[in-house]
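Below is one structure, written out as structure tokens; the observations come after it.
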Amino acid sequence: MTDAVLQSDGDIVMQLRGLVSAPGDEGYVAATSIWARQRDVRPRFVVHCRTANDVQAAIRAARERNLPLSVLGGGHDWAGRALCDGVVIDLTRMRAVIMDSDRRAVTAGGGARVRDITAVTDGHDLAVVAGSVDSVGMAGLTLGGGYGPLIGRFGLALDNLLDAQVVLADGQIVFANAERNEELFWALRGGGGNFGVVTALRYRLHELPNIQSGMLSYPLGEAQSVLEICAAVTASAPDELSVQFGIVAGPDGSFNVLVIPTWCGAIEEGESWLASMMDLGTLLSGSIEQKSYGALLRTFDGFITDGLRVFLDCCWLPALDPGSIQTLVSAMKNAVSPACAIFTHHFRAAATNVPVEETAFGLRREHILVEILTMLPGDSSLREELQHLDWIRNTRDALRSALPGGYPNMLGRNETARATESFGPNAARLMRAKRQYDPDNLFSSAISLPADSA
Ligand SMILES: Cc1cc2nc3c(=O)[nH]c(=O)nc-3n(C[C@H](O)[C@H](O)[C@H](O)COP(=O)(O)OP(=O)(O)OC[C@H]3O[C@@H](n4cnc5c(N)ncnc54)[C@H](O)[C@@H]3O)c2cc1C
């Protein structure tokens, strides 16, 4: 199969010989086995890139043959946008991480996962601002936003991006930062993979000698009061505290409330805040421990299995008010199966201090990001999938105080109308940048952009 494809694909693909794999090849199977199992997508071939020049050649190959193109980073997009029916630009061999000698910044390859960076920075008591799970790709996370446990102190992941090397749709390799290609740099920070293939990203490093965190489990029956108290405590908490919560089934299939507080400041200053998190109700399990940042980002490992059928929706709540809590708790009490779950991220403090026009990310007011998801076995039936999709839709519809739009990294494919709302005041400027950098929409397998009003 590979030979046939290579022969029929002419000179350009010949040039990529050694980098290309096709259906049935080991490299192809590994690259296309992403976190969220896709059923109806069958890439024509995968180009396993090692350098920006390989990416240039892959883009040229796709363009000349008029094939769709997609970019595979960490493979953790729930909608499977890393894959398409044409050429997949696989960056998983571009995961090198190099720290500057003054230890103020770190540069990661376009395919690096969060864990590739913490493996380098952890031993130096330094941290990049990442999400809350270390298997996620750093580029995909950053280009769409990057909510994580350091958000209150240091903002989103994209607020900490200093420089990016990008292969554009016309094949040029450029750098984008605050001084060069500023408009591209602006658009990359929130507009996702819509503007080019990012082959390297340079991030600000933060000193972080201590992290204290834990996964605390409370009974679902106490969820309303646990979450109300939790919301009241965090409302007046210092920037160093972030609290994520989830309602998720344990191994026995019954649901519990998980509260995951993280303190990223001086130990003694966090003690009383963390103690209050241990006292939200009847604590079933969990304790607060001092750990490395890398260890913190492994907290959710037990909940993440590759190859499941994933369905997800999200919304932005202005606050975790008693009415919204009631809606979430009631949704979980009526969950279709233990495959249903809810997780939140709190957007606050430092992240809200960045002016909305500074990056393409469209919502800078304090809010709660709610993820409503189901993770089903890979062989689930259509009936099961529809039942779970209904549950997701009903849950989101019931959250009546939700703000317009939602986290672009978690919206579905082609959610143009919601994307327009999500990018808010930045929508028109983002579309101007799209027309400038990718007028033919080569990078169409990326997060949804606003409707183009031009
Ligand atoms: C288990 C899990 C936990 C998560 N936790 C968080 C979290 O804590 N905070 C948060 O904000 N988000 C979180 N997310 C969402 C995550 O940030 C997005 O799904 C993100 O797109 C994943 O990036 P990836 O590289 O792993 O994905 P991929 O599937 O490889 O890529 C997704 C898309 O990103 C773009 N892309 C990726 N790499 C590049 C690149 N180098 N150049 C250009 N475009 C690129 C492409 O358009 C691609 O289609 C989580 C997702 C999962 C599955």
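Residue 867 is where the sequence shown starts when you use this note's numbering, and the numbers rise one by one after that.
Think of the CB as a built atom: it goes at the ideal place given N, C-alpha and C, for glycine as much as any other residue.
The structure presented is a predicted model; accordingly, all values stated were derived computationally and were not measured.
When the Cα atoms are used, Leu-1194 and Leu-1178 turn out to be separated by approximately 15 Å. At least one heavy atom of ligand 1 lies less than 7 Å from the C-beta of Asp-943. Following the DSSP letters along the chain, one finds Ser-1138 inside the alpha helix (DSSP H) bounded by residues 1133 to 1143.
Excluding five sequence positions before and after Thr-1100, the CB atoms of its chain that fall closer than 6 Å to its own CB belong to Val-1109, given in chain order. Only residues of its own chain outside the window of five on either side were considered, and among them Phe-1177 have a CB closer than 7 Å to the CB of Leu-1255, listed in chain order. In terms of Cα proximity to Glu-1281, the closest of Ala-1141, Ser-1311 and Pro-1243 is Ser-1311. Judged by DSSP secondary structure, Glu-1155 falls within the beta strand (DSSP E) whose first and last residues are 1155 to 1157. Annotation: the continuous alpha helix (DSSP H) that includes Gly-1057 extends over 1048 to 1057.
Counting along the chain, Tyr-894 sits inside the alpha helix (DSSP H) bounded by residues 892 to 898. Annotation: the continuous beta strand (DSSP E) that includes Thr-973 extends over 971 to 975. Less than 8 Å divides the Cβ of Val-986 from the Cβ of Met-965. Check the Cα spacing between Glu-1049 and each of Arg-905, Arg-1164 and Arg-1298: the tightest is with Arg-1298. Close CB contacts of Arg-969 within its chain, under the 8 Å cut and outside five residues either way in sequence, are with His-990, Leu-992 and Leu-1071 (chain order).
A distance criterion of 7 Å places the beta-carbon of Gly-1228 beyond contact range of ligand 1, judged by its closest non-hydrogen atom. Under the DSSP assignment, Thr-1286 falls in the alpha helix (DSSP H) whose first and last residues are 1282 to 1289. For Leu-1194, the Cβ stays outside the 7 Å cut-off from all heavy atoms of ligand 1. In the displayed model, Gly-946 falls within coil according to three-state DSSP, outside both helix and strand. Of the heavy atoms belonging to ligand 1, none sits nearer than 7 Å to the Cβ of Ser-1288. Per the Cβ contact rule, the region 1013 to 1020 is not in contact with the region 1185 to 1194 (fewer than 3 Cβ pairs under 8 Å).
Between the alpha carbons of Leu-1239 and Glu-1094 lies a gap of roughly 22 Å. If you draw a 10 Å sphere on the C-beta of Thr-1148, you find fewer than 16 other C-beta atoms in it, and that means exposed. Take the alpha-carbon of Ala-1042 and the one of Phe-911: they are about 29 Å apart.
Between the region 1189 to 1203 and the region 1078 to 1092 there are three or more C-beta pairs closer than 8 Å, enough to call the two in contact. Remark: the shortest separation between the CB of Ile-1238 and any heavy atom of ligand 1 does not fall under 7 Å. Per DSSP, reduced to three states, the secondary structure at Ile-1095 is helical. Per DSSP, Arg-1298 is not a residue of any beta strand (DSSP E); the alpha helix (DSSP H) it occupies stretches across 1293 to 1303. CA-CA distance, Ala-1226 to Ala-1293, rounds to 8 Å.
Its chain contains Ala-897, Ile-900, Val-912, Ala-948, Leu-949, Val-954, Ile-955, Asp-956, Leu-957, Thr-958 and Gly-977 as the residues whose beta carbon lies nearer than 8 Å to that of Leu-938, once the 5 sequence neighbours on both sides are disregarded; these appear in chain order.
Taking the Cα of Ala-945 as reference, the smallest distance to any Cα among Ile-1313, Gly-884 and Ala-1317 is reached at Ile-1313. With respect to the C-alpha of Pro-1015, the residue from Leu-1034, Arg-1284, Glu-1251 and Gln-1078 having the closest C-alpha is Gln-1078. Going by DSSP, Gly-1006 is part of no beta strand (DSSP E) but of the alpha helix (DSSP H) stretching over 1004 to 1010. The beta carbons of Leu-1163 and Tyr-1013 sit no closer together than 8 Å. The C-beta separation of Gly-1272 from Ser-1288 comes to about 6 Å, placing the pair in contact by the 8 Å criterion. Selection Gly-1228, Tyr-1303 and Asp-1318 evaluated against Gly-1056 yields Gly-1228 as nearest (Cα-Cα).
Between Leu-1242 and Glu-1232, the C-beta spacing is not below 8 Å. Secondary structure of Asn-1122 (DSSP, three-state): strand.
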